[in-house]
Amino acid sequence: RRVQLEAGQKARVQIDLQWEAVVRGKVRPYKVPSGDEPDDPFFKQGVDQLMVGDSPEAVLTLGPVVARLQSRDRPKMLARAEFFLGVAFLEAGREVEARSQFESALAHDPGLQPDPSAFPARVVTFFAHVRRATTGEKR
448 RRVQLEAGQK ARVQIDLQWE AVVRGKVRPY KVPSGDEPDD PFFKQGVDQL MVGDSPEAVL
508 TLGPVVARLQ SRDRPKMLAR AEFFLGVAFL EAGREVEARS QFESALAHDP GLQPDPSAFP
568 ARVVTFFAHV RRATTGEKR
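The opening position of the sequence shown corresponds to residue 448 in the working numbering, with each subsequent residue numbered one higher.
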């Protein structure tokens, strides 16, 4: 909603951060970053759970997906599953576990980069922070 203010006027604005998950244009809020999507059927289910805001269920669904993919030689698929498990942990308020999953995802695919138009700002910012801490990148 637009509000017009005249010069010198002040306004107090309250923002509902739940709107961060609203689809922006034609981009799904949790689309898979570039690369192969894991072929485990529970991967899609976990991402769908994230899309509807059910991060605790997404953690329970994606955890076994990551475990199954660890025994296969498909590092990019594993990285995507770890990334989304990290997003689920972050959305559930479990930052330590999210950091661990993001670090592991970056170890398996150093080029992994979430699309800023497809994820909430908190996810993109947190992931960028983990990337800088892991790789020693400067801002």
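Every residue, glycine too, gets a C-beta built ideally from N, C-alpha and C.
- Fewer than three pairs of CB atoms, one per stretch, sit closer than 8 angstroms, so the segment 495-502 makes no contact with the segment 510-524.
- Your pair Ala505 and Ala552 does not check out as a contact, with CB atoms roughly 15 angstroms apart and the cut at 8 angstroms.
- Of the candidates Ala514, Ala458, Ala565, the residue whose Cα lies closest to the Cα of Gln548 is Ala514.
- Taking C-beta atoms under 8 angstroms as the contact rule, Leu532 and Gly510 qualify, at a distance of about 6 angstroms.
- In its chain, beyond the 5 residues on either side, Pro485, Asp487, Phe489, Phe490, Gly493, Ala528, Leu532 have a beta carbon closer than 8 angstroms to the beta carbon of Val512.
- In its chain, beyond the 5 residues on either side, Ser502 have a beta carbon closer than 6 angstroms to the beta carbon of Glu538.
- Remark: C-beta atoms of Thr581 and Glu550 approach each other more closely than 8 angstroms.
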